[in-house]
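Peer 1:
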Amino acid sequence: MFRIRFAYTSFAFIFVAISVRLFYWQIIVGDRLRAQAVTQYSQFISLPSSRGSIITSDGSPLVINQPAYLVYAKPNEIENKYEFVQKLSSVLPIDIQEFSALLEIPGRLWVPVAQKVDITTKELISALGLTGIAFEKETKRYYPEASMAAHLVGFVGADKNGLDTGYFGLEGYYNRQLSGKSGSLTLQRDPSGTRILLEDAERIDPENGRTLQLWLDKTIQKSVEHHLQKGVERYGAKEGSVIVMDPMSGGILAMASYPKYDPSKFTDYTSELYKNSIVGSSYEPGSTFKVLVMAKAIDLNVIHANTLLREDGPLTIAGYTIRTWNNQYHGNITASQALTYSSNVGMVVIGEKIGNDKLLDFVKTLGFGSLTGIDLQDEATPQIRPENQWTDIDAATLTFGQGIAVTPIQMVRAVGALANGGWLIDPKVVKKIIDPKGDTVDIKPNKARRVYREASSEVLGEMMVNAVDNGEAKWAKPKGYRIAGKTGTAQIPLLGHYDEEKTIASFIGFAPSDRPRFVMLVTITEPTTSPWGSETAAPVFFSIAEDLFLYYGIPAS
Amino acid sequence: MKLNIGLLFDKSIMIWLALLLVLQIIYSNQLVNHARKVDELDNMRRSLSDENEALKQQVAAITSLQSIEARSRALGFVKNTRLISLDLSSIMIALHAAK
Chain A
23 MFRIRFAYTS FAFIFVAISV RLFYWQIIVG DRLRAQAVTQ YSQFISLPSS
73 RGSIITSDGS PLVINQPAYL VYAKPNEIEN KYEFVQKLSS VLPIDIQEFS
123 ALLEIPGRLW VPVAQKVDIT TKELISALGL TGIAFEKETK RYYPEASMAA
173 HLVGFVGADK NGLDTGYFGL EGYYNRQLSG KSGSLTLQRD PSGTRILLED
223 AERIDPENGR TLQLWLDKTI QKSVEHHLQK GVERYGAKEG SVIVMDPMSG
273 GILAMASYPK YDPSKFTDYT SELYKNSIVG SSYEPGSTFK VLVMAKAIDL
323 NVIHANTLLR EDGPLTIAGY TIRTWNNQYH GNITASQALT YSSNVGMVVI
373 GEKIGNDKLL DFVKTLGFGS LTGIDLQDEA TPQIRPENQW TDIDAATLTF
423 GQGIAVTPIQ MVRAVGALAN GGWLIDPKVV KKIIDPKGDT VDIKPNKARR
473 VYREASSEVL GEMMVNAVDN GEAKWAKPKG YRIAGKTGTA QIPLLGHYDE
523 EKTIASFIGF APSDRPRFVM LVTITEPTTS PWGSETAAPV FFSIAEDLFL
573 YYGIPAS
Chain B
466 MKLNIGLLFD KSIMIWLALL LVLQIIYSNQ LVNHARKVDE LDNMRRSLSD
516 ENEALKQQVA AITSLQSIEA RSRALGFVKN TRLISLDLSS IMIALHAAK
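Heads up: the sequence lines are chains A and B, in that order.
Convert by adding 22 to the 1-based position in the first sequence; the result is the number in the working numbering.
Convert by adding 465 to the 1-based position in the second sequence; the result is the number in the working numbering.
1) Given a cut-off of 9 Å, decide if valine 367/A and leucine 192/A are closer than it, judged by their beta-carbon atoms.
2) Roughly how many whole angstroms lie between the Cα atoms of leucine 446/A and threonine 187/A?
3) Residues of chain A with CB under 9 Å from glutamine 489/B, in chain order?
4) Assign lysine 508/A to one of two classes, buried (16 or more other C-beta atoms within 10 Å of its C-beta) or exposed (fewer than that).
5) Whole angstroms is fine: what's the gap from valine 42/A's alpha carbon to histidine 499/B's?
6) For serine 528/A, which of helix, strand or coil comes out of DSSP?
7) For chain B, find out if any of its Cβ atoms is closer than 9 Å to the Cβ of alanine 319/A; answer yes or no.
8) Rounded to whole angstroms, what's the CA-CA distance from threonine 61/A to leucine 207/A? Just pull it up for me.
9) Between the alpha carbons of alanine 357/A and threonine 289/A, how many angstroms are there, rounded?
10) Which same chain residues, not among the five before or five after proline 166/A, have their C-beta less than 6 Å away from its C-beta?
11) Find out if the Cβ-Cβ distance for the pair alanine 417/A, asparagine 378/A is shorter than 9 Å.
12) Whole angstroms is fine: what's the gap from alanine 563/B's alpha carbon to alanine 539/B's?
13) Which chain B residues are close to valine 219/A, counting only those with a beta carbon under 9 Å from its beta carbon?
14) Quick one: Cα of methionine 316/A to Cα of leucine 322/A, how far?
15) Residues of chain A with a CB under 7 Å from the CB of leucine 530/B: which are they?
16) Are threonine 216/A and proline 70/A touching if we call contact CB-CB under 9 Å?
17) Just curious, the beta strand (DSSP E) that arginine 332/A is in, first and last residue?
18) Indicate the three-state DSSP secondary structure (helix, strand or coil) for lysine 564/B in the structure shown.
19) Indicate whether the contact test is met: 3 or more Cβ pairs, each with one atom in the region 391 to 399 of chain A and one in the region 256 to 263 of chain A, closer than 8 Å.
20) Could you run through the region 205 to 218 of chain A and flag, in chain order, every residue whose CB is less than 8 Å away from some CB of chain B?
21) Are the CB atoms of lysine 138/A and leucine 92/A nearer to each other than 9 Å?
22) Establish whether the CB of lysine 159/A and some CB of chain B are separated by less than 9 Å.
23) Taking C-beta to C-beta, are alanine 512/A and glycine 423/A nearer than 9 Å?
24) Between the beta-carbon of alanine 172/A and the beta-carbon of aspartate 284/A, is there less than 9 Å?
25) Does chain A have any CB closer than 9 Å to the CB of lysine 567/B?
26) Comparing the C-beta of methionine 170/A with each C-beta of chain B, is any distance below 9 Å?
27) Determine, using beta carbons only, whether valine 370/A and methionine 486/A come nearer to each other than 9 Å.
28) Can you find a CB in chain A that lies within less than 9 Å of the CB of lysine 564/B?
29) Excluding the five sequence neighbours on either side, which residues of its own chain have a C-beta within less than 6 Å of the C-beta of glycine 154/A, listed in chain order?
30) I'd like to confirm the pairing. Which residues does DSSP put opposite asparagine 87/A in its beta bridges?
31) Using the beta-carbon of each residue, which ones in chain B are nearer than 9 Å to glutamine 137/A?
32) Assuming aspartate 569/A is part of the beta strand (DSSP E), what are its boundary residues?
33) What are the start and end residues of the beta strand (DSSP E) that includes phenylalanine 540/A?
34) Kindly indicate if chain B contains any beta-carbon less than 9 Å away from that of proline 534/A.
35) Roughly how many angstroms separate the alpha carbons of alanine 441/A and proline 538/A, rounded to a whole number?
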């Protein structure tokens with residue numbers, strides 16, 4: 023009997039002891055133990071999305087992804103830390119002292135060594151046979167055409183959380199489309215590391231980024247960059263830019279600024295170089311603006327191409343004297359000649375015929391003072407002064423492009439209207455957005471509004487051809503081609519005055535004038551060999567135009 | 466009431482239990498093998514995807530204008546410097562003439 027009671031008591035005691043222990047494990051420390059267990063057998067794998075590519079109009083890659091690796095060390099697995107650091111430093115540029123100190127921090131399980139390491143370096147590290155080194159796959163941007171169209175493309179850097187983010191240009195503007203969405207996989211593994219096949223493994227597939235197909239033509243871009251660099255160097259200029267647009271669709275065929283930077287090594291360059299001056303910087307357009315005012319005057323029927331204008335000396339307006347650029351005066355000249363001679367006096371007379379109110383309205387209608395809507399992150403616009411702040415002298419200087427600030431893209435868009443029959447078209451860089459399944463969204467050209475009658479734009483085209491054939495830049499023009507264009511030389515405003523020596527030389531035009539394939543603007547900032555657009559920007563324009571004629575198979579007439 | 470354990474675990478039940486145990490072991494073994502296979506395939510897919518990206522990069526590098534320009538220079542091609550147009554029986558042809 024005693025033995026039975028002893029057995030019962032023992033069993034009861036053991037039962038209570040087990041119950042107490044189970045209560046402790048399951049209720050008191052249950053949450054902590056469960057979490058600990060989950061970390062032991064569960065594995066969370068991030069499935070990164072692949073950033074979309076950027077391709078040119080012919081499908082050639084401009085920006086693609088390249089496999090890269092995050093290299094990290096696991097200090098608790100390293101056998102000999104001194105040897106580890108020494109060997110690693112033979113492959114990677116690491117600060118030995120700083121890195122050794124990081125490895126010695128107690129309790130540290132993970133020490134990053136290098137990010138975005140390419141596959142060759144990864145293989146070299148693996149060949150060292152180190153224990154306690156690991157890799158995590160990531161991608162980095164690869165630019166097969168090196169720095170081609172760098173200002174247009176932008177670059178990918180890290181955000182405040184260390185994640186890839188696009189900055190500037192297309193990478194910035196289309197960051198959400200390009201980056202896609204990361205996925206994840208949660209699975210369970212046994213102690214040997216083998217996956218346990220369970221139905222409740224959670225998998226969220228990543229959504230890869232979309233591919234952007236541009237209007238940009240790499241052959242044209244190459245030619246533009248080549249001639250621009252040559253021009254800036256030859257004319258001893260501070261910088262320069264070229265934009266080539268299809269006037270019918272608004273598609274940007276080429277866009278380049280010089281000096282440029284290499285987006286794969288953007289940290290090696292000053293941040294001032296990141297800005298795309300074509301969409302983000304303003305300048306005074308100078309005489310290139312005359313074609314727009316002239317076209318409006320013809321559109322309003324206040325003049326026609328042969329209307330005679332008096333140009334027999336300087337004009338005085340509100341106490342200011344307005345002269346021609348070379349201080350030469352021709353007496354009575356036609357409107358067409360006013361453009362050929364680039365006569366400031368002639369333009370002021372035309373401006374008076376239009377009237378100040380209409381002139382200012384027209385400037386706004388042409389899109390100056392507002393964004394063009396180009397799909398690039400860094401677009402900015404200079405503001406147009408309120409109407410009540412315009413004086414007679416302001417309106418007078420406006421007619422020859424001084425006293426108004428514009429961006430190069432605004433100028434190209436406005437002159438594009440003369441090339442396409444009078445329509446103001448929104449400029450676009452991206453032609454198509456292609457999702458990873460291959461579905462395509464076409465970005466249709468958008469005609470914002472009609473700003474000239476078709477007939478007016480045709481007349482202006484002829485006047486611009488005449489200005490090129492008989493103007494200051496005729497020496498550089500390719501023979502046998504009808505190119506509509508206009509030179510410009512604008513002084514640079516400095517502390518409320520104009521700098522006497524520094525200029526922005528430009529040339530804007532389109533060709534062939536009868537059926538324009540492109541409208542192009544060349545700006546050369548602060549050229550030192552000559553301040554004039556006809557001697558700096560125009561030759562660059564014609565060199566590129568010559569390449570374009572050959573590329574498009576346009577014969578001389 | 467006395468419980469006769471011998472009655473509950475007679476021979477046939479023991480055999481069934483043993484069989485179920487063997488089946489359980491075989492099933493677990495297969496599951497582990499499948500899991501290993503899945504892991505292997507996953508790794509292979511990842512490695513092929515990396516290889517594919519690396520190949521894409523190589524193709525892009527080789528077909529870039531920079532490479533083509535360098536190769537054409539090495540092969541002796543020169544940049545055309547003059548554009549001439551020939552009027553061949555009303556067909557205009559534009560040609561670039563080498564220096």
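Positions of the beta carbon are idealized from the N, C-alpha and C atoms, including for glycine.
Remember, it's a predicted structure, so these values are computed and weren't measured experimentally.
Peer 2: This is what the structure holds:
1) Result no, Cβ atoms of leucine 192/A and valine 367/A do not sit closer than 9 Å.
2) A direct Cα-to-Cα measurement between leucine 446/A and threonine 187/A gives close to 33 Å.
3) For glutamine 489/B, no chain A residue has a C-beta closer than 9 Å to its own C-beta; the minimum C-beta separation is roughly 15 Å.
4) buried
5) 41 Å
6) Here serine 528/A carries a strand assignment [DSSP, helix/strand/coil].
7) At a cut-off of 9 Å between beta-carbon atoms, alanine 319/A makes no contact with chain B.
8) 14 Å
9) Whole-angstrom Cα-Cα distance: 52 Å.
10) Pro83
11) Contact: yes.
12) With a pLDDT of 47 at alanine 563/B, under the threshold of 50, the predicted position of this residue should be treated as unreliable, and no value is reported.
13) Note that residue 219/A is leucine in the sequence shown here, rather than valine. Those are Leu496, Val497, His499, Ala500, Val503, listed as they occur along chain B.
14) Approximately 10 Å, taken between the alpha carbons.
15) Glu167, Lys240, Lys244
16) no
17) 330 to 333
18) Below a pLDDT of 50, predicted positions are generally treated as unreliable, and lysine 564/B, at 42, falls in that range; the measurement from the model is reported next regardless. Lysine 564/B: coil per DSSP, three-state reduction.
19) no
20) Asp212, Thr216, Arg217, Ile218
21) yes
22) yes
23) yes
24) Result yes, Cβ atoms of alanine 172/A and aspartate 284/A sit closer than 9 Å.
25) Any answer about residue 567/B is impossible in this case: the structure gives chain B only from 466 up to 564.
26) Methionine 170/A counts as touching chain B.
27) With contacts defined as CB atoms closer than 9 Å, valine 370/A and methionine 486/A fail to qualify as a contacting pair.
28) With a pLDDT of only 42 at lysine 564/B, under the threshold of 50, the placement of this residue in the model should not be trusted, and no figure is reported.
29) Ala95, Lys96, Glu99, Ile100
30) Arg163/A
31) Those do not exist, as glutamine 137/A stays about 17 Å from chain B at its closest Cβ, beyond 9 Å.
32) Taken as a continuous stretch (DSSP letters only), aspartate 569/A belongs to no beta strand (DSSP E), being part of the alpha helix (DSSP H) at 559 to 574.
33) First-last of the beta strand (DSSP E) with phenylalanine 540/A: 540 to 547.
34) Not one beta carbon of chain B lies nearer than 9 Å to the beta carbon of proline 534/A.
35) 6 Å
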